[in-house]
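In what follows, a structure is listed as structure tokens, so that the remarks can point back to it.
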Amino acid sequence: MKNIVAFDIGSRLTKIVRITPGKFENHSLTHLHPCKSTVASDFPYLTSLLRGELSLSSNSPEENPLRLSVENNYFINFYLIETSYFYINKEKIIEDFPNTMIFITGYGKNNVDFLDNKNITYKKTPELVAHTRGCIYQTGLNDFILLDIGGQDTKVMLCKNGKMADFLTNDKCAASSGRFLENMSKILHIDNIGDYYKNPVTLNSTCAVFSESELIGKLSEGISREILAASVNFALFNRVKKLVIPFLKYNLPLVFVGGLSENKAIIHFIKEELKTNVIIPDFHIFNGSLGAIK
Amino acid sequence: MQSKTQIIGITTTVPSEILYAANFIPVDLNNIFIANENPDKFVEKAEIIGFPGNSCAWIKGIFSAVKSENIKTVIAPVWGDCSNTHALCEVLKTYGINIIEFAYPYDYSLQKLKLEMNFLFDKFNINEKSVFEWKKKLDIIRKKLKTLDKMTVDGKISGKDNHLWLVNSSDFYGNPEKFDNELDEFLKTNDNINKYDDFKRIGVMGVPSIWSNFYDILEENKAHVVYNEVQFEFSMIKSIETDFYNQYINYTYPYGMDFRLKEIIKQMKERDIQGLIHYTQCFCFRQIEDILVKNNINIPVLTLEGDKPGEVDARTKMRIENFMDII
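Read top to bottom, the protein sequences are chains F and S. Per numbering that gives the first Met the number 0, the very first residue in the first sequence carries number 0; after that it's consecutive. Per numbering that gives the first Met the number 0, the very first residue in the second sequence carries number 0; after that it's consecutive.
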């Protein structure tokens with residue numbers, strides 16, 4: 000049986016998932032060290048996926064690369080690396096995966112080709128399709144709204160009957176993304192900005208760069224860093240909600256993935272302001288990589 | 000009628016019959032801007048003299064096109080196109096450019112349109128008859144463009160070529176005879192084979208995109224553009240049978256969205272379109288009109304937003320790719 004590896008090449012970080020059969024062993028590779036490892040059997044939907052039991056795959060069982068033998072246990076390793084590092088070392092990184100079926104998604108997928116290397120088999124998936132599928136794999140849901148807030152952008156997808164039916168993405172500006180929070184954290188000298196959600200004040204600016212000037216102004220007015228941290232989260236939430244609200248009419252569960260699904264403040268505002276429950280899958284950062292596998 | 004042929008810049012479609020009858024060589028300033036090797040330099044030059052960064056790149060490109068081509072006279076629709084044109088004209092005047100203002104009537108009145116046309120007849124000292132003569136001449140070319148458009152729908156001509164030929168018919172290169180000959184040549188060399196059988200049929204509405212490789216990216220994603228809305232309107236090919244005045248009343252682009260959408264929906268049906276892309280320019284009032292598009296079109300709509308000239312950005316590519324997956 001072949002090993003499986005999936006890359007979600009984001010604009011800043013590349014998220015890699017590697018699935019191998021067998022027992023636990025040291026899964027550090029020459030160029031990669033896992034940030035998380037697990038056995039698939041702890042996660043029922045992933046196990047079903049790996050055994051090719053999920054009906055969502057349109058492939059016939061023979062064609063399905065994931066049709067693994069039921070007896071095997073599968074070990075899953077997760078790797079998180081800088082995309083710039085991935086680009087520089089991609090040939091070497093790929094060499095770490097012999098006899099492997101490779102799946103690629105994300106912004107960077109069009110920058111990666113291994114056409115010269117006949118030993119490598121790979122398949123590319125559009126990013127939003129991968130995210131929708133990753134969510135199905137992880138939650139078993141077929142109808143949901145998927146919110147992905149990443150380092151550079153925000154996407155909201157509507158999934159009906161196991162297929163992406165519509166999507167919205169943020170404006171060109173990175174003001175609705177993790178990048179915005181990161182820049183603001185630097186100004187506020189706060190590391191864990193996502194912990195703050197109490198008593199936010201309004202930050203008016205549409206543009207992330209204008210917001211920085213506004214934030215510095217508020218600091219000089221004597222407003223506490225904690226309140227301003229909450230305000231920054233609230234400002235981000237207010238941008239993101241414009242993409243989510245159009246889909247709320249479908250009354251479907253809201254699944255939240257991407258780097259910012261670890262941000263407590265954003266989750267708090269979604270629950271409080273949008274009066275909706277939020278599902279955060281176990282591998283929210285790796286949702287796209289998992290969904291690239293088909 | 001003026002005796003010596005003189006170049007006249009146009010900021011969008013202005014009745015070319017009138018300009019040719021008045022012995023002008025019309026030059027579509029948008030085409031000068033975007034066809035230049037370095038259109039971004041045009042934008043930069045305009046920003047250096049004070050055009051805001053957060054204003055439309057087409058307006059900035061037009062401004063610099065007037066300067067680079069040393070154009071002395073510009074005719075600009077100040078009604079029925081972009082509201083920024085007003086300010087552009089005022090700035091151009093301070094640079095000594097002779098501005099002729101023209102208006103497509105906001106209330107879509109044939110009577111008012113006739114008055115506007117007659118104002119131009121008097122201004123250029125020409126008569127109606129000579130304008131009608133030019134319509135006959137240009138309609139011969141438009142008939143060929145109509146064939147080209149039909150061939151696009153039939154999958155024999157690419158969406159990109161359709162775009163280029165139709166958009167260039169706003170001024171016929173300033174030389175209808177040359178345009179006609181090149182069009183004959185193009186149609187003659189076409190192999191008449193349907194190349195887009197396995198492609199999805201897409202319509203693109205909105206002003207022509209500012210990206211150099213927009214149509215290439217669409218083709219890479221198996222999208223065949225069978226309808227370039229504004230370019231189709233520029234070409235006037237649906238008004239070959241109508242009289243001169245009604246041709247410019249049938250022309251949807253300068254009038255309200257209600258009228259424009261009716262035509263779009265009609266064309267979408269006729270061309271069996273599966274998905275519609277609404278191209279909007281950053282900072283343009285037409286971004287607001289997108290609400291009306293989304294509310295009135297009942298097939299998947301993807302709204303794209305272009306800013307500066309150059310290639311399609313990664314984010315837009317990602318959106319196109321995923322849109323093609325849902326239709």
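C-beta: ideal position from N, C-alpha, C; glycine also.
Query - chain S contacts made by the region 104 to 125 of chain F, where a contact means CB separation under 8 Å - result: Correct list: Y106, N109 and P125.
Query raised in the report: Just curious, the alpha helix (DSSP H) that R238 (chain F) is in, first and last residue?
Result: Residue range R224 to L247 is occupied by the alpha helix (DSSP H) that includes R238 (chain F).
Query - Cβ distance (whole Å) where D95 (chain F) is taken to contact A291 (chain F) below 8 Å - result: Not really, about 18 Å apart at Cβ, beyond 8 Å.
Query raised in the report: By Cβ distance below 8 Å, which residues in the same chain neighbour Y325 (chain F) in space, the five residues on each side in sequence not counted?
Result: Since the first and last residues shown for chain F are 0 and 293, residue 325 (chain F) lies out of range.
Query raised in the report: Ends of the beta strand (DSSP E) at H223 (chain S)?
Result: Where H223 (chain S) is concerned, the enclosing beta strand (DSSP E) stretches over A222 to N227.
Query raised in the report: Which bits of chain C does A313 (chain S) rub up against, with CB to CB less than 7 Å?
Result: Of the protein chains in the structure, F and S, none is chain C.
Report task. Identify, in the order they occur along the chain, each residue of the same chain with its Cβ nearer than 8 Å to the Cβ of D153 (chain S), setting aside the five sequence neighbours on each side. Result -> For D153 (chain S), where only same-chain residues beyond five positions count, the Cβ hits under 8 Å are N193.
Query raised in the report: Going straight from the alpha carbon of N109 (chain F) to that of H30 (chain F), what length do you get?
Result: Their Cα atoms are separated by approximately 22 Å.
Query raised in the report: For K293 (chain F), which residues of its own chain have a beta-carbon under 6 Å away from its beta-carbon, when the five flanking residues on both sides are left out?
Result: The answer is none, since no qualifying residue turns up.
Query raised in the report: If you follow the beta strand (DSSP E) that V166 (chain S) is part of, which residue opens it and which one closes it?
Result: Unbroken run through V166 (chain S) is the alpha helix (DSSP H), G158 to N167; no beta strand (DSSP E).
Query raised in the report: Hey, is R141 (chain S)'s beta-carbon within less than 8 Å of any beta-carbon in chain F?
Result: Residue-level contact by beta carbon fails for R141 (chain S) and chain F, as no gap is shorter than 8 Å.
Requested in this report: Count the CB pairs spanning the region 217 to 229 of chain S and the region 61 to 77 of chain S that are closer than 8 Å, and state whether there are at least three.
Outcome: No contact exists between the region 217 to 229 of chain S and the region 61 to 77 of chain S.
Query raised in the report: Would you call the CB atoms of D147 (chain F) and H130 (chain F) closer than 8 Å?
Result: Yes, they are a contact pair.
Query raised in the report: Should D289 (chain S) be flagged as near chain F, meaning a C-beta pair shorter than 8 Å?
Result: Judged by the 8 Å Cβ criterion, D289 (chain S) is not in contact with chain F.
Query raised in the report: Roughly how many angstroms lie between the CA atoms of M256 (chain S) and E43 (chain S), to the nearest whole one?
Result: For the pair M256 (chain S) and E43 (chain S), the Cα-to-Cα distance works out to about 32 Å.
Query raised in the report: Would a check of beta-carbon distances place A5 (chain F) closer than 8 Å to chain S?
Result: Taking 8 Å as the threshold, the shortest C-beta distance from A5 (chain F) to chain S does not fall below it.
Query raised in the report: Closest to D324 (chain S) by CA distance: which of F:T120, F:L127, F:V16 and F:R17 is it?
Result: Nearest C-alpha to D324 (chain S): F:L127.
Query raised in the report: Which term fits L114 (chain S), buried or exposed, when burial requires 16 or more other beta carbons within 10 angstroms of its beta carbon?
Result: Exposure of L114 (chain S) is indicated by the presence of fewer than 16 other C-beta atoms within 10 angstroms of its C-beta.
Query raised in the report: Would you call the region 231 to 251 of chain S and the region 12 to 23 of chain S touching, i.e. three or more CB-CB distances under 8 Å?
Result: Counting Cβ pairs under 8 Å, three or more are found: they touch.
Report task. Whole angstroms is fine: what's the gap from I139 (chain S)'s alpha carbon to I239 (chain S)'s? Result -> When the Cα atoms are used, I139 (chain S) and I239 (chain S) turn out to be separated by approximately 9 Å.
Query - Close-in-space but distant-in-sequence residues of the same chain around K35 (chain F) (CB under 6 Å, 5 per side omitted) - result: Contacts found: F77.
Query raised in the report: Is the distance from the Cβ of I18 (chain F) to the Cβ of I3 (chain F) below 8 Å?
Result: Contact: yes.
Query raised in the report: At least one CB of chain S closer than 8 Å to the CB of I292 (chain F): is that the case?
Result: Closer than 8 Å: no.
Query raised in the report: Is the CB of V239 (chain F) under 8 Å away from at least one CB in chain S?
Result: It does not: the Cβ of V239 (chain F) has no partner Cβ on chain S nearer than 8 Å.
Query raised in the report: DSSP state of P64 (chain F), grouped into three classes?
Result: For P64 (chain F), the predicted model reports a pLDDT of 48, less than 50, meaning its position is unreliable; a value from the coordinates is still stated below. Look at P64 (chain F) here: in three-state DSSP terms it is coil, with no helix or strand label.
Query raised in the report: When the Cβ atoms of the region 274 to 286 of chain F are set against those of the region 202 to 214 of chain F, are three or more pairs found closer than 8 Å?
Result: Flag = no, the region 274 to 286 of chain F and the region 202 to 214 of chain F do not touch.
**Report entry** Beta-carbon separation (whole angstroms), G149 (chain F) vs G9 (chain F), contact threshold 8 Å
**Finding:** That belief holds up - the Cβ atoms of G149 (chain F) and G9 (chain F) are roughly 6 Å apart, short of 8 Å.
Query raised in the report: Of all the alpha helix (DSSP H) runs that stay within the bounds of the region 86 to 144 of chain F, which reach a length of 4 or more residues?
Result: 126 to 138, all fully within the region 86 to 144 of chain F.
Query - Neighbour flag for I325 (chain S) against chain F, beta carbons, 8 Å - result: It does: the Cβ of I325 (chain S) has a partner Cβ on chain F nearer than 8 Å.
Query - beta strand (DSSP E) segment containing T302 (chain S), residue limits - result: That run of the beta strand (DSSP E) goes V300 to G305.
Query raised in the report: The beta strand (DSSP E) with L167 (chain F) in it runs from where to where?
Result: Counting along the chain, the beta strand (DSSP E) containing L167 (chain F) begins and ends at K162 to T168.
Report task. Have a look at F:K240, F:R238 and F:F285 and flag the residue whose alpha-carbon is nearest the alpha-carbon of G257 (chain F). Result -> Out of F:K240, F:R238 and F:F285, the CA that lies nearest to the CA of G257 (chain F) is found in F:F285.
Report task. Identify the contact partners of E320 (chain S) in chain F, using a Cβ-Cβ distance below 8 Å as the criterion. Result -> Contact of E320 (chain S) with chain F by beta-carbon distance below 8 Å involves P125 and E126.
Report task. Starting from C158 (chain F), trace the beta strand (DSSP E) both ways and give me its first and last residue. Result -> C158 (chain F) -> beta strand (DSSP E) spans T153 to K159.
Requested in this report: Show which residues of chain S have a CB atom less than 9 Å away from the CB atom of D165 (chain F).
Outcome: Proximity of chain S to D165 (chain F) at the Cβ level (cut-off 9 Å) is accounted for by P299 and I325, in chain order.
Requested in this report: Less than 8 Å between the CB atoms is what I'm expecting for G202 (chain S) and M150 (chain S), so what's the real figure, rounded?
Outcome: Actually they are not in contact, since the Cβ atoms of G202 (chain S) and M150 (chain S) sit about 16 Å apart, beyond 8 Å.
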